[in-house]
Amino acid sequence: MAALIELKNISKTYGTLKALDNVSLEIPAGRIVGLVGPNGAGKTTLLRALTGELDYSGDAKVLGYEPRSQRAELMLETGVIHDISVLPSWMKTKELLAFMEGIHPNFDRAKAESFLKTTTIPMDKKIKSLSKGMKTQLHLAVTLATDTKLLILDEPTHGLDILFRKQLYSSVLEDYFDDQKSILISTHQIEEVEHILSDVIFINRGKVLLYASIEELGERFTQLTIPADQADDLRSELKPLSEYGILGRRVFLLEGADHGTLKGKGDIQTPSVADIFVALMGGEV
Amino acid sequence: MKPIMILLKREWLEWNRVIIGTVLVVTFLNLLMLLSVSRGSTWFHETLEREGHINMENVQIDEENVGDVDIRKNGSEIEVYIDGSTSDKSLSDIMNQAAKPVVIGLRIGMQLTFGFVLFLSLFYFSDAIYKERADSSTLFFRSLPVSDHHILTSKVLAGLIGVMGLTIFLSIEYLIFMKVAIMLMGEPVNALASAVLSKISYVSLMWDWFAYLIFAVIRMGPLALFLMLVGTYVKGRPLLVGIGGPILLAISYSIIFRSAALFRSIGSFLWGFNQKLIEQWDMSTSGMANGPIVYGNFWGYIFNLETLFALMVSGLLYTALWMTYKKNIPVG
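Chains as they are written, first to last, in our numbering: chain B, 1 to 285; chain X, 286 to 617.
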């Protein structure tokens with residue numbers, strides 16, 4: 001299957017700051033990919049490069065389109081929700097729906113209205129009078145009611161309460177995702193999304209540190225919990241990526257370890273994506 | 286074409302309050318004018334009834350002569366005496382004299398209308414892109430299946446169509462109010478002014494005005510695009526930067542080179558809008574002698590080098606605008 005997103009040596013510099021540093025990736029279709037990194041890692045810059053909102057150096061293809069020169073064509077098949085409220089504040093909800101109906105051939109107004117009926121968003125109020133949660137819900141309603149192949153979510157739950165964060169991701173899964181569609185989610189709160197991801201990309205200081213499927217992570221990384229008094233001996237033998245103490249025991253995070261050789265040394269578990277992320281970031285975050 | 290139409294509608298949605306507000310303010314000012322005309326007319330007729338005559342000193346009689354005018358009521362007739370003797374001029378002479386203030390009033394009204402709309406348009410053009418950057422909605426509009434050219438062209442067109450549409454609407458309103466005001470003035474003004482106004486073909490006048498507005502919007506293209514360009518990168522106050530920048534440049538130029546050339550250029554650019562109207566709608570020489578000389582030839586200005594130059598500068602500024610807009614420079 002052709003890659004949904006193909007990036008070759010994508011770089012973006014702001015003054016002396018390298019926001020993206022030779023990023024190369026190939027993301028296939030039908031995946032839910034988490035773009036994970038600390039604040040300032042380059043996540044938003046990468047997503048804005050993918051949607052043609054930014055100039056960059058290197059070669060990029062998203063859904064077969066070059067984002068800068070073919071942004072209009074790309075946006076016909078791509079939905080985007082940003083980390084900040086970007087809906088025009090002077091528009092009323094019903095005006096936004098009418099505008100979307102006119103401008104986007106793949107927009108289904110009835111679907112958006114049906115989604116909005118489940119919320120308390122008024123149709124006759126200006127967007128600027130809505131709460132942050134309502135604005136995100138409205139943007140989500142409009143985006144999910146648009147038939148696209150790719151959905152890009154840039155920290156969509158930023159500033160929202162826990163109830164709405166859960167609701168947002170379940171809406172995305174129930175109302176949008178199927179095996180013909182792909183989702184790229186940027187976040188620095190990995191615990192929130194790791195259960196829905198099929199792949200993760202770890203990014204820091206503009207560089208991709210890791211790109212792997214969740215299954216691959218489970219095979220590649222191992223968490224070994226051992227008695228504290230054995231830690232010194234096993235540390236030199238196993239060379240863990242990271243370690244921490246819990247209830248008098250030591251937890252090692254190992255990369256590429258053979259489970260057979262670990263048997264009998266301690267409790268073997270699959271680490272969470274968050275643990276792997278923290279281990280790979282090391283002291284850099 | 287469809288995206289442009291939808292985006293034009295979106296501009297209307299955003300700016301309709303300003304446009305409707307402008308129409309309401311101008312209508313209010315016109316009503317104030319009518320009120321004062323009505324009160325003046327009442328005073329005129331009451332004074333005439335009570336005292337039998339009204340004497341006005343040092344009235345501009347014609348191009349060269351200033352004299353006293355005495356208006357007297359003689360039964361149901363109103364007679365006008367100039368410098369003590371009754372007017373021996375023929376009706377066409379009187380109409381010729383009356384035509385000048387009427388047509389100049391008409392021209393000044395149209396000039397003021399256009400000047401006012403031009404002033405308002407500065408706010409639109411400087412805010413057109415800046416506002417979207419300020420509230421981040423530029424990210425939303427650029428996440429839609431429309432190109433940067435669609436977005437920019439719709440904004441330029443909306444502004445220029447808005448200037449033309451609003452000016453024509455307010456001009457028609459002004460003409461209507463002017464006619465009502467003349468009716469309210471009563472005799473003898475009503476008869477004289479109506480005689481002049483009845484000779485004007487309003488369809489031809491509007492067509493003439495339309496041609497002028499096409500010329501004017503082409504000429505203001507560079508100014509509009511310059512203000513939009515400023516709005517794509519400033520951190521705040523785009524109008525102040527857009528207008529203050531060139532003025533500061535002109536001041537610096539005049540201090541360094543001891544020359545007011547830049548000031549003169551800015552002045553002649555702005556005065557150029559007015560100059561064409563004065564040139565074409567000048568009543569000073571022939572008045573009504575050969576029919577109403579209120580029509581001009583503005584089409585001639587559209588197809589000339591000056592307009593071509595304005596279009597070329599607009600093209601360059603549009604390219605710069607597009608290049609800057611693509612960079613998506615945040616306000617914060």
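Even for Gly, the Cβ is constructed at its ideal location relative to N, Cα and C.
Judged by DSSP in its simplified three-state form, B:E155 adopts coil rather than helix or strand.
The beta carbon of X:V598 sits closer than 6 Å to those of P507, all from its chain and outside the five residues before and after it, given in chain order. Distance from the CA atom of X:L590 to the CA atom of X:I503, rounded to whole angstroms, is 12 Å. Fully contained in the segment 468-505 of chain X are the following alpha helix (DSSP H) runs of length 4 or more, in chain order: 474-482. Less than 8 Å separates the beta-carbon of B:F277 from that of B:I190. Among the CB atoms of chain B, none fall inside 8 Å of the CB of X:P523. In this structure, X:T452 lies near X:V402, with their beta-carbon atoms less than 8 Å apart. Check the Cα spacing between B:L20 and each of B:M100, B:N204, B:H158, B:E215: the tightest is with B:N204. Residue state for B:R235 is assigned as helix, using DSSP reduced to three classes.
Secondary structure note for X:N559: its alpha helix (DSSP H) is the uninterrupted segment 546-565. Proximity to X:G530 across X:G516, X:H330, X:F454 peaks at X:G516, based on C-alpha coordinates. Assignment of X:M341 by DSSP, reduced to helix, strand and coil, places it in the strand class. Residue burial is scored here from C-beta neighbours: X:Q565 has at least 16 other C-beta atoms within 10 angstroms and is therefore classed as buried. Less than 8 Å separates the beta-carbon of X:V387 from that of X:A478. For B:L184, the enclosing beta strand (DSSP E) covers residues 182-187.
Between X:P430 and B:L76 the beta-carbon gap is near 4 Å, inside 8 Å, which marks them as a contact. Residue environment for B:A110: exposed (fewer than 16 other C-beta atoms within 10 angstroms of its C-beta). Every unbroken stretch of the beta strand (DSSP E) spanning 3 or more residues and falling wholly within the segment 128-177 of chain B is given here in chain order: 150-154. As computed with DSSP, B:T13 is found in a beta bridge with B:K18. Taking a C-beta cut-off of 8 Å against chain B, none of the residues of the segment 301-320 of chain X qualify. Following the DSSP letters along the chain, one finds X:L292 inside the alpha helix (DSSP H) bounded by residues 287-336.
Note: B:E6 is bridge-paired with B:E26, B:K61 in the DSSP secondary-structure output.
The C-beta distance from B:H188 to B:P38 rounds to 6 Å, short enough to fall under 8 Å. Comparing alpha-carbon positions, the option among B:P240, B:D154, B:E255 lying closest to B:G42 turns out to be B:D154.
Contact annotation for X:L424 against chain B: E53, H82, V86 [CB-CB distance below 7 Å, chain order]. Around the Cβ of X:E331, a 10 Å sphere holds fewer than 16 other Cβ atoms; the residue is exposed.
C-alpha of B:L150 to C-alpha of X:V519: approximately 33 Å in a straight line.
Straight through space, the alpha carbons of X:L510 and X:L482 are spaced by roughly 39 Å. B:I185 is outside the set of residues whose beta carbon lies under 8 Å from a beta carbon in chain X. Inclusion of X:Y409 and X:F500 in the CB contact set at 8 Å is not warranted, their separation being larger than that value. If you ignore the 5 residues before and after B:T148, its C-beta comes within less than 6 Å of the C-beta of E77, T78, G79, all in its own chain and listed in chain order.
Within chain B, the C-beta atoms nearer than 8 Å to that of X:I291 come from F99, G102, I103, in chain order. At a cut-off of 8 Å between beta-carbon atoms, B:M75 makes contact with chain X. Boundaries for B:P227: no alpha helix (DSSP H) harbours it, while the beta strand (DSSP E) harbouring it runs 221-227, taken from the DSSP string. At least one CB atom of chain B sits nearer than 8 Å to the CB of X:L298. Contact of X:L429 with chain B is assigned, a C-beta pair being separated by under 8 Å.
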